[in-house]
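Using the working numbering, the first residue of the sequence shown is number 82, and each one after it goes up by one.
Below: the structure, in structure tokens.
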Amino acid sequence: MLAGKWDYNLISRIQQANDIVDVISEHLNLEKKGKEMVGLCPFHTDHKPSMFVSPVKQIFKCFACGAGGDVLKFVQMRENLTFPETVRRLAQRAGIEIEPPRRRSDGPEGEQLDSSKLEKINAWALKNWVENLWHPETGAAVRKYITDRGLSEDLARKWQLGFAADTWDDLTSKAAHKNDAAKYLTQAGLAVQREQGGCYDKFRNRLMFPIMDVTGRVIGFGGRTLGDDPAKYMNSPATVLFDKSHSLYGLYQSRQAISQSGTAVVVEGYTDVMMAHQFGVENVVAALGTSLTNGHARILRRYAKRIVLIFDSDVAGKAAADRAMEVCLEQKIDVRLAFAPNGKDPCDYLLEAGTEAFKDLIDTAEDVLEFKWSVLNEQLEGGQNLSDRTEAIRRFLQTAALALQSRQMDSVSRTVVLGRLSELLGISVSRVEQEIAMILKKKRRRPQSNDEDAQATQDFEERQDLVSKAQREILETVLAHPDCFPRVSERVSAGDFGPNEALRELAQAIYGLFAEGIPLQLSQLYSRVESAAAANLLTELQTAVEQKTNLLSQLDGALAALENRTHSRRIQLLKQGMDKDNELKQMLSQIAQKGPNLRNAGI
Ligand SMILES: [Zn+2]
């Protein structure tokens, strides 16, 4: 996401309303040291306090690992949030009412507006359902159902379980007198339109589980039938707020424990998640009736290095293994599989065997690649003879090839994966590569030979290094001597920075501040870059600025280097344009030559 599209007045207000010392103190102990505060840095293993917080400048900086930023960046990095999520979180903390953080370019109508309405209607529905559950008479049987399952009432309250009553119009009648509420109930998938007009409740006689996003918004629901409805579980349909393949039940409650343990345990059911929490295992979430997706892995990767999938049988595990293996390779996250004994789901297993046994199950989970490999060998009766073994390798690599083909895999990860496969299969890396190339060849034309590829990559990287160096020097100089910005901006524009994303983002933020005539201030700059990478880059450049003395003398050289690159890029584009012109001329002359023939043919 590019900088420059936010309402920075609002972001600035949110920044000022959340004092950085207060916020950081919620996460670690700060002690006063001169004009600043110091504490143990949470972004690396810190043994002496390396993190400095400046109450005056409202910024933080770790002198050991180089993390730095304003209050927004601290929360963003600490809680693994996206920038919009951070904005929302700190606005809430300061009691600032915001429309969902909207970019200036969006109109008043559209997706964002709808999502804020849906969020409200979900919250309203939940409130009703929670009231039903704790109503002395209405909810009595359901509360008994919950405790019969072994879940405590405390937990049910904490997780905001609710009861959708066994009527057609519980929500819809309560919403009847509210403006447009019926419309939004329908949009949120909580009510269904009748053909003859009006609408009725979608969820009836169900135990309701609110599904929250990482900032605690209720984005959807899962409902378990309390009667004999053949649909045992029912989820909210997809809305602008809710996308099953990107949502995990319990993530809001489990994210700290996942982050601390580095492991995210993924189970199948809502009650599995809650029961695990009840037994003190809190790094557990549930995928919502789907198998693990790339979307899930991308979210979990923000918190964990490892995902452990728990299945209630190895049959279910085998069925899900291929998909899990692809996710593992594509998302570069360690995926392991575990099976609760005797076909029990984690909920029952916890009740029967207890916390330690459950933790053991997680600790002894099997690596998905090894699992898949052993399953194949079993199928081929142990891979005793050579042809069976070859067949097993081929089938295994068939699954791996799909992931390796993915565009998300850079060359370093590819090398790591190839090494891993070679080790596992007991064949050389080059053989793995050969086999995979064979498999992929059937699907597409063979790519360039690897040597050429590698050489081209290396040349490219060296050029990029020089360009990045020049760009860093330019930004350093501007940070140290804001008065020389006009000299810079008349020669290079913000668009000339890149391809390094962090450099591009930071340059845009700096150019943006100057364009609006706002004095160059670190806290202002931090609030205008969205990524942690750009914030850390700013910290790094600022540190360099404080140490270098000859910044102005490097400026001309750096500007010239960047101008050169921009010119050669333009020339390249022009050439491409001219090639097109030439093609066009050729085509025209061909048509001209064929002209008489065409006419003779009567066309
Ligand atoms: Zn640090």
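Don't be surprised by glycine CBs; every beta carbon is placed ideally from N, CA and C.
Residues near residue i in its chain [Cβ-Cβ closer than 7 Å; skip 5 each side]
i	result
serine 270	Contrary to the premise, residue 270 reads as glycine rather than serine in this sequence. The residues are Lys283, Ser317, Pro318, Thr320.
glycine 361	Thr436
arginine 298	Glu200
tyrosine 556	Going by the sequence as given, residue 556 is leucine instead of tyrosine. For leucine 556, where only same-chain residues beyond five positions count, the Cβ hits under 7 Å are Leu587, Ala588, Ile591, Leu622.
glutamine 359	Leu232, Ser233, Leu236
isoleucine 520	Leu478, Gln479, Ala482
glutamate 514	Leu499
threonine 228	Glu234
alanine 561	Val626, Leu632
glycine 579	Arg585
DSSP bridge partner residues for residue i (one or two, in chain order)
i	result
threonine 344	Arg387
alanine 367	Tyr330, Val348
arginine 305	Leu288, Tyr314
tyrosine 281	Val273
methionine 132	Gly120, Cys143
alanine 98	The partner list for alanine 98 (beta bridge, DSSP) is empty, contrary to what the question assumes.
glycine 150	Phe141
arginine 417	Val389, Asp448
valine 299	Met293
lysine 114	Glu117
Reference residue i, options the options, closest by Cα
i	options	result
histidine 216	Tyr351, Ser197, Gly243	Gly243
glycine 303	Ser328, Gly500, Arg174	Ser328
glycine 279	Arg305, Gly297, Val295, Ala256	Ala256
isoleucine 508	Leu485, Arg475, Ile520	Arg475
isoleucine 443	Leu236, Met315, Asp546, Ile388	Ile388
glutamine 412	Ala421, Asn110, Thr374, Glu447	Thr374
serine 570	Ala639, Ser634, Asp546, Ile520	Ala639
aspartate 250	Arg285, Gly176, Thr219	Arg285
serine 372	Arg379, Asn364, Ser342, Ser326	Ser326
arginine 450	Arg501, Lys239, Asp261	Before going further, note that residue 450 is leucine rather than arginine in the sequence given. Checking every option, the nearest Cα to that of leucine 450 belongs to Arg501.
aspartate 637	Leu432, Glu554, Asn110, Leu601	Glu554
arginine 169	Val295, Thr126, Ala446	Val295
arginine 379	Glu407, Gln277, Ala357, Gly370	Glu407
isoleucine 391	Lys440, Lys629, Glu459	Lys440
lysine 453	Ala421, Val396, His108	Val396
alanine 368	Ser340, Asp324, Ser394, Gln341	Asp324
phenylalanine 144	Met158, Phe124, Arg572	Phe124
alanine 345	Thr352, Ala357, Val365	Val365
aspartate 309	Arg238, Asp247, Gly370	Asp247
alanine 642	Gln653, Ser549, Arg568, Phe566	Ser549
threonine 445	Glu433, Ala421, Val456, Gln460	Ala421
arginine 650	Glu433, Ala596, Asp577	Asp577
glutamate 644	Ile517, Val104, Ser574	Ser574
asparagine 581	Pro567, His128, Ser612	Ser612
glutamine 341	Ser634, Thr126, Arg568, Asp564	Thr126
Whole-number beta carbon distance between residue j and residue i, since they are thought to touch under 8 Å
i	j	result
leucine 505	glutamine 552	42 Å between Cβ atoms; not a contact.
cysteine 409	aspartate 415	7 Å
proline 291	valine 348	That pair is no contact at about 18 Å.
proline 130	valine 137	With a Cβ gap of about 19 Å, proline 130 and valine 137 do not count as contacting.
alanine 590	valine 610	5 Å
leucine 266	leucine 288	The pair is not a contact, with the Cβ atoms about 20 Å apart (cut-off 8 Å).
alanine 400	leucine 418	In fact, because the Cβ distance is near 11 Å, the residues do not count as touching under 8 Å.
glycine 343	lysine 313	No, glycine 343 and lysine 313 are not in contact; Cβ-Cβ is about 34 Å, not under 8 Å.
tyrosine 430	aspartate 151	That belief does not hold up - the Cβ atoms of tyrosine 430 and aspartate 151 are roughly 46 Å apart, past 8 Å.
valine 134	glutamate 117	6 Å
threonine 253	alanine 272	5 Å
leucine 603	isoleucine 140	5 Å
tyrosine 330	valine 354	6 Å
Close-in-space but distant-in-sequence residues of the same chain around residue i (CB under 6 Å, 5 per side omitted)
i	result
isoleucine 179	Ala172
glutamine 97	none
arginine 526	Because arginine 526 carries a pLDDT of 44, less than 50, the predicted location of this residue cannot be relied on, and the following value inherits that uncertainty. So no residue of the chain qualifies.
alanine 615	Ala583, Glu586, Leu587
glutamate 363	Ser335, Ala338
methionine 356	Cys428, Leu431
leucine 194	With a pLDDT of 46 at leucine 194, under the threshold of 50, the modelled position of that residue is not reliable, and no figure is offered here.
C-beta neighbour in chain B for residue i, strict 7 Å
i	result
asparagine 260	Looking at the structure shown, chain B is missing, and only one protein chain is on hand.
Same chain, Cβ closer than 8 Å to residue i, five either side skipped, listed in chain order
i	result
glutamine 605	Ser93, Leu594, Ile599
glutamate 112	Met118, Val119, Gly120, Pro130
Start-end ranges of the alpha helix (DSSP H) lying completely within the segment 196 to 272, minimum 4 residues: Taking 4 residues as the minimum length, the alpha helix (DSSP H) runs contained wholly in the segment 196 to 272 are 221 to 229, 234 to 239, 251 to 256, 262 to 268, in order along the chain.
Can you list, in chain order, the stretches of the alpha helix (DSSP H) that have 4 or more residues and sit fully within the segment 555 to 640? Those alpha helix (DSSP H) runs which fall completely within the segment 555 to 640 and span 4+ residues are 566 to 570, 582 to 596, 603 to 609, 613 to 628.
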